[in-house]
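What follows is one structure encoded as structure tokens, with my remarks underneath.
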Amino acid sequence: MTNTKEILILGGKGKTGRRVAAQLDNRQIPYRLASRTSAQRFDWYDESTWSPTIGGADTAYLAPPVGATGLAQAGRFVQQAADEGLRRIVLLSGRGVGSPGREFAVYEGQLGLEHAVQASGADWTIIQPAWFAQGFSEDFLRYDVLAGEIRLSAGDGGEAWIDTNDVGDVMAAVLLDEAYTGATYALSGPRFLTMAEVAAELSAATGRPINYVNLDPEQHVAELIAQGQTLEDSEAVRDLFAVIRNHRSEYVSDGVQQILGRQPRDFTDWARDTAATGIWAQ
1 MTNTKEILIL GGKGKTGRRV AAQLDNRQIP YRLASRTSAQ RFDWYDESTW SPTIGGADTA
61 YLAPPVGATG LAQAGRFVQQ AADEGLRRIV LLSGRGVGSP GREFAVYEGQ LGLEHAVQAS
121 GADWTIIQPA WFAQGFSEDF LRYDVLAGEI RLSAGDGGEA WIDTNDVGDV MAAVLLDEAY
181 TGATYALSGP RFLTMAEVAA ELSAATGRPI NYVNLDPEQH VAELIAQGQT LEDSEAVRDL
241 FAVIRNHRSE YVSDGVQQIL GRQPRDFTDW ARDTAATGIW AQ
């Protein structure tokens, strides 16, 4: 059964939310963005904004806030939304969350949110993507690329980076087809690359040298703090990269193939096309 009712997008201005909205626009599916700057203001940390946002919604795409506090708030929101009539939730989570043999404390908040969604009483689908390739073009790592040094505490571990456009395509498909209800899908690119290999790919795409500098985890925290990050956020970033550092992301997942019936985009193609936009031009 395909859903054509208005879809609520929570986190609609983020990397995935923008792409989900674009896909729904292409298909002329009605949706409503919810954020601190939307017509109907929504704030994860202001619970007075929750009920007006939930009102009239049938299905929601939920890209949760970062950090333990934000994830806990999202869990409370999910239960309230289900109690107030939200019928279906599609959750953006993270690859490896809840997977046996890949337990990391940094995933506890995300796992708690997954459990909250599953226990809410609403229909649910959970999507667990690998790290986004767009982290190097639309997030803080863009500045590392521009500086010619990717400075991270990822060691020599690999990650199966995924093009966020593939994630947006998957999310739109899942939101519009209830056949995916009650399932969790892990997504990744077609191969995993170490940070040194990522740097080499970006060097080839941009035509200038980009190197990977492997930081000690505590040095990584110190550098993030020096850049203006809070201690809590800096330690969370360090802990996320510890998953890669400990070689726990060196596998591929077939969620893109399962849902879209095609292969995910390769990092080489993404880097080449992204470089052509001029986003890394100096």
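Taken in order, the sequence shown gives residues 1 to 282; the numbers are from full-length UniProt numbering.
Note that the Cβ used here is the ideal one computed from N, Cα and C, for glycine as well.
Computed from a predicted structure; not experimentally measured.
As a quick exercise: from the options, pick the residue whose alpha carbon is nearest that of residue i.
i           : options                   : result
R272        : I225, V90, R265 and A205  : A205
Q110        : A276, P64 and V256        : P64
R262        : R191, D166 and R238       : D166
L240        : F192, A154, G278 and M195 : A154
D169        : Y143, Q118, G14 and A21   : A21
residue 285 : G70, A57, D58 and P30     : As shown, the chain starts at 1 and ends at 282. That puts residue 285 outside it, with no answer to give.
A130        : R32, P264 and Y31         : P264
R248        : F192, Q229, G207 and A276 : F192
A119        : G55, S203 and R87         : R87
Helix, strand or coil, according to DSSP, for residue i in the structure here?
i    : result
Q128 : strand
V90  : strand
M1   : Note on M1: pLDDT 49, under 50, position unreliable in the model; no value is reported.
D123 : strand
T37  : coil
Y185 : strand
N246 : coil
Y212 : strand
G112 : helix
T194 : strand
E138 : coil
I259 : helix
T59  : strand
I29  : coil
G228 : coil
R151 : strand
D169 : helix
I279 : coil
D83  : helix
Taking the CB atoms as reference points, tell me whether residue i and residue j lie closer together than 7 Å.
i    : j    : result
R156 : A133 : The amino acid at residue 156 is misidentified as Arg; the sequence shows Asp. No, these two residues do not count as a Cβ contact at 7 Å.
Q73  : T53  : no
A186 : S234 : no
I259 : A160 : no
A82  : G121 : yes
S35  : K15  : no
T181 : G158 : no
T184 : I89  : no
G207 : F267 : no
V66  : V117 : no
I29  : S137 : no
Rounded to whole angstroms, what is the Cα-Cα separation between residue i and residue j?
i    : j    : result
G11  : S38  : 11 Å
F42  : I9   : 11 Å
A200 : V213 : 12 Å
R245 : G85  : 42 Å
G96  : Q219 : 25 Å
M1   : R27  : Confidence is the limiting factor: at M1 the pLDDT is only 49, short of 50, which leaves the residue's position unreliable, though a coordinate-based value still follows. Roughly 16 Å between the two C-alpha positions.
S51  : L113 : 19 Å
D58  : H115 : 20 Å
F140 : Q227 : 10 Å
A281 : A275 : 8 Å
V221 : A242 : 12 Å
R19  : M171 : 9 Å
R238 : D25  : 37 Å
G56  : E250 : 42 Å
E223 : G17  : 29 Å
E178 : P217 : 42 Å
A236 : Q229 : 11 Å
My guess is that residue i and residue j are in contact by the Cβ rule of under 8 Å, so how many angstroms apart are they, rounded?
i    : j    : result
Q128 : G75  : Not confirmed; about 17 Å, so no contact.
V145 : I225 : The Cβ separation is near 21 Å, so there is no contact.
L92  : W124 : With a Cβ gap of about 12 Å, L92 and W124 do not count as contacting.
L231 : R151 : Actually they do not touch by this definition, with Cβ atoms about 18 Å apart.
E6   : Y31  : 6 Å
Y61  : L175 : 6 Å
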